[in-house]
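Chains A and B, in that order, are what the protein sequence lines are.
All residue numbers for the first sequence refer to numbering that gives the first Met the number 0, where the first residue is 0 and numbers rise by one.
All residue numbers for the second sequence refer to numbering that gives the first Met the number 0, where the first residue is 0 and numbers rise by one.
The beta-carbon is built from N, C-alpha and C at its ideal position, and this holds for glycine as well.
A quick write-up on the structure given underneath.
2 protein chains.
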Amino acid sequence: MPRPRPSAIWLREEPVRKPRLSRERITRAAVELLDVEGVEGLSMRRLAARLDAGTMSLYQYVGSREDVLDLATDEAVAEIAIDDVEGLPWRAAVGQQMGRGRQVMLRHPWLPTLMSTRPLLGPHALARSELVYALLRGAGLDGARLTAAVGALTYYVQGYAAMENTWRGLRHEPAAEADLRRRAQEHLDRAAERHPTLARHADLGNDDFDASFQLGLDVLLDGIEAQLGPRS
Amino acid sequence: MPRPRPSAIWLREEPVRKPRLSRERITRAAVELLDVEGVEGLSMRRLAARLDAGTMSLYQYVGSREDVLDLATDEAVAEIAIDDVEGLPWRAAVGQQMGRGRQVMLRHPWLPTLMSTRPLLGPHALARSELVYALLRGAGLDGARLTAAVGALTYYVQGYAAMENTWRGLRHEPAAEADLRRRAQEHLDRAAERHPTLARHADLGNDDFDASFQLGLDVLLDGIEAQLGPRS
DNA sequence: ACTCCTTTCGTACACCGTACGAATTACCGT
DNA sequence: ACGGTAATTCGTACGGTGTACGAAAGGAGT
């Protein structure tokens with residue numbers, strides 16, 4: 000019969016039961032990992048390690064790495080707030096919504112690419128789609144025109160954010176970014192006489208991305224407005 | 000002393016000198032492989048095999064797999080013809096150019112993603128940029144407005160083509176594509192009462208991609224036209 | 001305590017990008 | 001024709017990847 004051992008708690012190793020795995024936990028860890036390491040850097044092994052789990056444990060909750068990417072995508076899309084639109088005129092509401100989308104895509108640089116290469120059927124993606132459709136529907140668009148307008152806006156934001164992410168590059172090393180920009184500019188200058196218009200306008204020095212984004216967005220909103228005029 | 004062996008040619012194995020490796024040959028093979036296998040399917044080993052070369056031989060002409068993707072991208076961009084614009088009004092010229100871009104991106108489904116995730120500094124990409132800039136410059140745009148308009152158009156085409164490729168999916172197996180579409184439609188119907196506007200307008204049955212593309216493009220062109228009106 | 005089902009995960013396989021250095025080939029001055 | 005040198009080819013190896021398979025552990029109900 001073992002005599003009572005005093006303060007055995009301190010000798011026994013901590014019975015820290017690690018929290019059970021779950022789709023949610025995996026999804027959140029995936030987003031974190033993607034933010035740090037990018038799409039190429041997300042591997043099932045690293046993801047499992049971050050969760051203190053065996054690699055193959057993940058496959059209880061997820062069919063493949065691709066599934067993880069889909070889950071992470073919808074999780075990030077959820078960060079685009081879709082409230083506070085009440086009472087705004089359509090143009091302001093749409094502008095606000097696209098701006099928020101861009102912000103989230105900058106916070107998660109992997110997002111634009113994933114959004115443009117897979118069907119967006121997650122619950123949060125659907126909810127946001129519904130909002131954008133409803134906003135433009137309220138503005139007076141309908142049918143194929145409505146679909147086209149939503150598409151144009153969506154593709155613009157994704158494309159712009161992707162470009163911005165490319166040039167902001169590994170923004171964690173501003174030295175590398177500056178170097179890339181400088182060498183690209185040199186490359187452009189070198190071909191200047193062959194491409195005069197390009198050389199004069201595509202100056203990579205300009206990094207006022209906010210204003211540029213807004214300018215392009217205005218083109219789209221103007222276009223939508225133009226389609227509203229002629230009652231067709 | 001070996002006596003002359005008659006018709007030794009037929010016995011000796013053919014001294015087929017395989018054509019030397021070169022950047023062009025690698026680039027062309029890469030495009031072919033990408034068309035068949037997609038970005039994920041392009042590996043240095045497979046690429047080398049297609050050229051009857053050892054894997055590491057490629058690295059004499061190319062620094063990394065990423066380099067191959069950059070080369071292939073510019074090679075594919077070169078397929079977008081940039082002639083036959085003389086005398087066209089700007090709207091027709093731009094429309095034609097964007098349409099051609101889309102066509103090439105459908106022929107090379109990997110192209111939109113690559114174009115949107117890396118700086119496009121290849122010679123053919125620069126040449127086409129120059130053309131688009133010049134066209135809109137001729138229409139009357141300038142400065143930041145010009146840059147914004149070019150960006151909006153570019154992102155729209157890339158985004159639309161990416162979407163189209165996603166839904167056309169592995170169009171080599173039309174059965175798989177139909178299945179994906181059907182299951183996605185069901186999924187949408189299931190969430191219909193939560194997303195009424197979406198459910199009414201985003202019908203995946205419609206596959207008249209040509210018309211939809213044109214409709215979205217018109218939004219953009221209308222927007223550009225609107226910016227031309229007020230001499231600012 | 002025994003059963004049964006869920007969850008965990010160790011091992012293994014085929015494949016990947018590419019560093020390194022040896023082997024081969026091509027070229028050129030003599 | 002020959003020797004030397006530089007360019008090119010590529011075999012091997014290392015550390016990574018996704019995931020199939022099946023054994024082990026855990027938990028719940030009786």
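A residue is called buried once 16 or more other Cβ atoms fall within 10 Å of its Cβ, and Thr-54 of chain B, having fewer, is exposed. Taking CB atoms only, Pro-173 of chain B has no neighbour in chain A less than 9 Å away.
In the three-state reduction of the DSSP assignment, His-107 of chain B falls in the coil class. Where Asp-217 of chain B is concerned, the enclosing alpha helix (DSSP H) starts and stops at 208-227. Relative to Glu-85 of chain B, the option among B:Gly-137, B:Val-103 and B:Asp-188 whose CA is nearest is B:Gly-137. At least one C-beta of chain A is nearer than 9 Å to the C-beta of Met-162 of chain B. For Val-30 of chain B, the uninterrupted alpha helix (DSSP H) segment begins and ends at 22-40. Taking the Cα positions, Ser-21 of chain B is about 7 Å away from Tyr-60 of chain B. A Cβ of chain B is located within less than 9 Å of the beta carbon of His-186 of chain A.
Here Ala-151 of chain A really is in contact with Gly-215 of chain B; their C-beta atoms are around 4 Å apart, less than 8 Å.
With a contact defined as Cβ atoms closer than 8 Å, Gly-168 of chain A and Ala-175 of chain A qualify at about 6 Å.
With respect to chain B, the C-beta atom of Ile-25 of chain A has no partner C-beta closer than 9 Å. In the DSSP assignment, Met-55 of chain A falls outside any alpha helix (DSSP H), carrying neither H nor E.
Counting only the Cα atoms, Gln-213 of chain A lies some 32 Å from Leu-187 of chain B. Along the segment 75-105 of chain B, there is no position whose C-beta sits under 9 Å from a C-beta of chain A.
When only Cα atoms are considered, Arg-189 of chain A and Asp-178 of chain A end up about 16 Å apart. Using a Cβ-Cβ distance cut-off of 8 Å, the segment 123-131 of chain B and the segment 76-90 of chain B are in contact, since at least three pairs of beta carbons, one from each stretch, lie closer than that value.
In the structure shown, Glu-192 of chain B falls within a coil segment according to DSSP collapsed to helix, strand and coil.
Exposed is the label assigned to Arg-181 of chain A, since fewer than 16 other Cβ atoms lie within 10 Å of its Cβ. Assigned with DSSP and collapsed to three states, Gly-168 of chain B falls in coil, not helix or strand. Any Cβ of chain B closer than 9 Å to the Cβ of Glu-36 of chain A would place that residue at the interface, and such an atom is absent. The C-beta separation of Val-218 of chain B from Ala-147 of chain A comes to about 6 Å, placing the pair in contact by the 8 Å criterion. For Gly-137 of chain A, the enclosing alpha helix (DSSP H) covers residues 122-138. DSSP places Glu-65 of chain B in the uninterrupted alpha helix (DSSP H) bounded by 64-76. The C-beta of Asp-73 of chain B has 16 or more other C-beta atoms within 10 Å across all chains shown, which makes the residue buried. For Arg-49 of chain A, the enclosing alpha helix (DSSP H) covers residues 43-49. For the options A:Ala-77, A:Pro-173 and A:Arg-117, the alpha carbon positioned closest to that of Ala-126 of chain A is the one of A:Ala-77.
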